[in-house]
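For the sequence shown, my numbering assigns the number 308 to the last residue and increments by one with no breaks.
I have placed the structure first, in the form of structure tokens, so that the comments after it can refer back to it.
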Amino acid sequence: MNKIPEYPESAVFSKDIKDLVEPLLQNLHDGISELTFYSLLIHSKKYDYRLTKTKTGAVLLLRKKNGKDYFVPLNKMPSNQEIETLKKDGYSAVLVGESILKDFLEREPDKVSAFEKDRDNADYVYLKTELAELKGKTFHKKKNHVNSFVKNYAPAVELLTGKNVHDAAEILEKWQQAHLEIPSDYETAKAALSLIGEAPFFGIVVYIGAEPAGFALGETLGGGETFCTHFEKGIESYKGIYQYLNQIMAAKLDGQIQFINREQDLGDEGLRQSKMTYRPYKFIEKYKEKM
Numbered sequence: 018m019n020k021i022p023e024y025p026e027s028a029v030f031s032k033d034i035k036d037l038v039e040p041l042l043q044n045l046h047d048g049i050s051e052l053t054f055y056s057l058l059i060h061s062k063k064y065d066y067r068l069t070k071t072k073t074g075a076v077l078l079l080r081k082k083n084g085k086d087y088f089v090p091l092n093k094m095p096s097n098q099e100i101e102t103l104k105k106d107g108y109s110a111v112l113v114g115e116s117i118l119k120d121f122l123e124r125e126p127d128k129v130s131a132f133e134k135d136r137d138n139a140d141y142v143y144l145k146t147e148l149a150e151l152k153g154k155t156f157h158k159k160k161n162h163v164n165s166f167v168k169n170y171a172p173a174v175e176l177l178t179g180k181n182v183h184d185a186a187e188i189l190e191k192w193q194q195a196h197l198e199i200p201s202d203y204e205t206a207k208a209a210l211s212l213i214g215e216a217p218f219f220g221i222v223v224y225i226g227a228e229p230a231g232f233a234l235g236e237t238l239g240g241g242e243t244f245c246t247h248f249e250k251g252i253e254s255y256k257g258i259y260q261y262l263n264q265i266m267a268a269k270l271d272g273q274i275q276f277i278n279r280e281q282d283l284g285d286e287g288l289r290q291s292k293m294t295y296r297p298y299k300f301i302e303k304y305k306e307k308m
């Protein structure tokens with residue numbers, strides 16, 4: 018494909034459009050966890066992602082969630098007239114980055130009341146050194162969990178590659194069997210593992226004896242200072258596996274990484290409390306149109 022279709026036409030989000038959309042995504046500087054090419058690719062089936070472009074040059078990601086239609090601006094907001102057309106067609110804006118919204122509101126200041134922060138989708142960002150070292154009173158209990166895990170299980174850690182991706186897949190299958198009763202990210206995690214060696218993912222696999230016990234994977238965002246952890250899966254019979262995965266992944270990251278984006282809580286109160294206990298350094302805010 019040599020160009021992005023003009024709305025209302027659209028193209029399925031696939032590897033075929035990589036050369037068209039990846040430069041736009043790399044030019045985004047807000048650090049939104051969803052907006053990398055491969056993150057979108059592994060979620061494309063789940064959300065029926067499609068790509069389109071308006072007459073004024075706004076490149077939009079169209080998506081479906083819970084039976085509703087949305088658009089995500091990838092370079093700028095559409096014009097007011099185009100937004101009205103999208104609304105008539107059933108679309109509303111989500112995952113709007115701060116810089117794109119700021120630029121839009123400078124042009125259309127009367128629209129400030131039309132948008133609101135989407136707290137459930139705000140990304141949690143942490144200092145890498147804090148997650149890797151777990152120093153101080155705040156992290157005392159977490160450090161104890163990690164120390165106990167190391168003492169009890171003597172884990173070994175390998176980088177995730179094509180040679181051991183089958184071990185990560187085995188962990189994922191066991192994890193899924195233990196969580197059949199709840200909606201999960203099993204399919205997207207499986208898609209991510211299928212791209213090891215192709216996508217710019219970095220990951221680890223934790224072994225206890227000869228048994229694969231957990232894995233984590235993610236990718237570097239934007240200017241190279243932030244790493245986003247997309248998936249962590251562990252065999253929960255190994256007490257402390259998730260605390261260990263969090264800590265050892267941070268410790269294994271490249272020296273230029275200063276921050277770790279651990280994505281959103283999706284409004285899950287238990288997950289929100291857990292994420293807050295790691296003392297986030299900041300949040301990556303995302304905005305949506307008020308309904």
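Built from N, CA and C at the ideal position, the CB exists for glycine as well.
It should be emphasised that the depicted structure is a prediction, and the values quoted were computed from it without experimental measurement.
{"Item": "Taking 8 Å as the threshold, find out whether the region 118 to 126 comes into contact with the region 135 to 155 through three or more Cβ pairs.", "Value": "no"}
{"Item": "Just to confirm the assignment: which complete alpha helix (DSSP H) runs, minimum length 4, are found wholly within the region 149 to 187?", "Value": "157 to 170"}
{"Item": "Nearest by alpha-carbon distance to lysine 63: which of Leu78, Lys82 and Glu23 is it?", "Value": "Lys82"}
{"Item": "If you reduce the DSSP assignment to three classes, tell me which class glutamate 249 lands in.", "Value": "strand"}
{"Item": "For alanine 149, collect the residues of the same chain with a Cβ closer than 6 Å to its Cβ; drop the 5 residues on either side in sequence, then sort them by chain order.", "Value": "Ala267 and Ala268"}
{"Item": "Please list the terminal residues of the continuous alpha helix (DSSP H) segment that includes proline 40.", "Value": "35 to 43"}
{"Item": "For the alpha helix (DSSP H) holding arginine 289, just list the boundary residues, first then last.", "Value": "286 to 293"}
{"Item": "Is alanine 233 helix, strand or coil when you go by DSSP?", "Value": "strand"}
{"Item": "Among Tyr224, Glu236, Ile199 and Gly240, which one has its Cα closest to the Cα of glycine 214?", "Value": "Glu236"}
{"Item": "What distance in whole Å lies between the Cβ atoms of leucine 189 and tyrosine 203, which are believed to be in contact at a cut-off of 8 Å?", "Value": "7 Å"}
{"Item": "Which residue or residues does DSSP assign as beta-bridge partners of threonine 243?", "Value": "Leu238 and Phe276"}
{"Item": "On a Cα-Cα basis, can you pick out the residue from Glu175, Arg80, Leu103 and Lys105 that is closest to leucine 112?", "Value": "Arg80"}
{"Item": "So valine 182 and leucine 210 are supposed to be a Cβ contact under 8 Å. How far apart are they, rounded?", "Value": "6 Å"}
{"Item": "Does the Cβ of proline 40 have 16 or more other Cβ atoms within 10 Å, making it buried, or fewer, making it exposed?", "Value": "exposed"}
{"Item": "Does DSSP classify glutamate 215 as helix, strand or coil?", "Value": "coil"}
{"Item": "Please report the straight-line C-alpha distance between threonine 294 and aspartate 285, rounded to a whole angstrom.", "Value": "14 Å"}
{"Item": "Could you have a look at serine 225 and say whether DSSP puts it in helix, strand or coil?", "Value": "Residue 225 is actually isoleucine in this sequence, not serine. Three-state result, isoleucine 225: strand."}
{"Item": "Short of 6 Å in beta carbon distance, which residues of its chain neighbour aspartate 184, apart from the five on each side in sequence? Order them along the chain.", "Value": "Val222 and Pro229"}
{"Item": "Are the CB atoms of leucine 329 and alanine 28 nearer to each other than 7 Å?", "Value": "The shown model of the chain, from 18 to 308, leaves out residue 329, and the question about it has no answer."}
{"Item": "State the Cα-Cα distance for the pair alanine 233 and serine 201, rounded to the nearest angstrom.", "Value": "16 Å"}
{"Item": "Say whether the region 235 to 255 touches the region 274 to 282, bearing in mind that this needs 3 or more beta-carbon pairs closer than 8 Å, one atom from each stretch.", "Value": "yes"}
{"Item": "CA-CA distance, phenylalanine 66 and lysine 256?", "Value": "The identity of residue 66 in the sequence shown is tyrosine, whereas the question assumes phenylalanine. When rounded, the distance between both Cα atoms is 38 Å."}
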